[in-house]
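In the working numbering, the protein residues as written are 540 to 791. No residue lacks a Cβ here, since even glycine has one placed at the ideal position from N, Cα and C. These figures come from a predicted structure and were not determined experimentally.
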């Protein structure tokens with residue numbers, strides 16, 4: 540069910556144990572060859588396919604296209620909600636759904652920069668409602684739901700998601716090939732180790748001149764379809780776990 544298609548009376552009548560999916564993505568630079576709306580386009584397709592695979596009724600909010608993309612602001616066209624603004628935005632969305640009686644709220648994420656503020660937003664909301672044991676507040680980035688995605692197609696070269704990389708370029712080639720520029724001319728940009736296992740604070744220009752990270756020249760339509768199938772299947776399995784939660788236990 541799409542929230543945007545319903546009347547308020549329809550929403551009021553819903554079972555409040557219905558999982559609520561809030562897709563969160565971004566509008567930001569994706570190298571010389573992919574559109575600014577890449578993250579939102581890809582997440583929208585993953586969610587669309589997820590709904591055809593889940594066995595449970597689900598309420599889906601409109602995709603939030605404005606994300607936390609401050610690290611990309613050196614590249615023209617990027618729009619961003621600053622981290623603390625974004626945290627408050629997500630917190631407010633959750634509080635709205637809680638006020639309407641819903642208990643199982645899942646942010647499905649399609650942009651890496653949303654990860655930290657998204658999790659912090661849910662952490663803070665949970666503290667404000669610490670007297671309740673019936674809440675399930677979750678944040679899940681779609682490619683993290685499928686840790687074996689790198690083997691979903693035998694010719695995939697990258698071991699993980701990058702940025703405007705083999706994976707994202709392949710999926711946009713599958714979804715909207717007319718929006719893809721000359722990805723074959725894009726030289727590989729290595730991921731680097733960034734002082735692992737520690738975390739190094741970074742902005743995008745620390746890591747890449749053209750804007751992409753990874754190997755876009757390795758992309759193909761067939762790889763894109765395999766990745767979409769892998770991610771949407773994993774997302775549907777996750778949503779079904781949310782729907783089947785017993786309403787009280789830690790495990791799910």
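CB of residue i within 8 Å of CB of residue j, strictly
i, j, result
"residue 787", "residue 673", "yes"
"residue 767", "residue 700", "no"
"residue 553", "residue 626", "no"
"residue 705", "residue 757", "yes"
"residue 644", "residue 585", "no"
"residue 773", "residue 684", "yes"
"residue 646", "residue 631", "no"
"residue 726", "residue 572", "no"
Unbroken beta strand (DSSP E) run spanning residue i, endpoints
i, result
"residue 561", "559 to 563"
"residue 748", "Careful: residue 748 lies outside any beta strand (DSSP E) and carries neither H nor E."
C-alpha distance - residue i paired with residue j, whole-angstrom precision
i, j, result
"residue 712", "residue 761", "9 Å"
"residue 604", "residue 784", "29 Å"
"residue 731", "residue 653", "21 Å"
"residue 681", "residue 775", "10 Å"
"residue 769", "residue 717", "23 Å"
"residue 675", "residue 548", "24 Å"
"residue 583", "residue 707", "13 Å"
Endpoints, alpha helix (DSSP H) assigned at residue i
i, result
"residue 766", "760 to 783"
"residue 554", "Where residue 554 is concerned, there is no enclosing alpha helix (DSSP H), given that its DSSP letter is neither H nor E."
Residue i burial status per 10 Å Cβ neighbour count (16 or more: buried)
i, result
"residue 541", "exposed"
"residue 702", "buried"
"residue 742", "exposed"
"residue 755", "buried"
"residue 735", "exposed"
"residue 750", "buried"
Taking only runs that begin and end inside the segment 655 to 732, name each unbroken alpha helix (DSSP H) of 4 or more residues, in chain order. Those alpha helix (DSSP H) runs which fall completely within the segment 655 to 732 and span 4+ residues are 705 to 714.
Scan the segment 565 to 647 and note each continuous alpha helix (DSSP H) run of 4 residues or more that stays entirely inside, going in chain order. DSSP runs (the alpha helix (DSSP H)) wholly in the segment 565 to 647: 577 to 592, 622 to 638.
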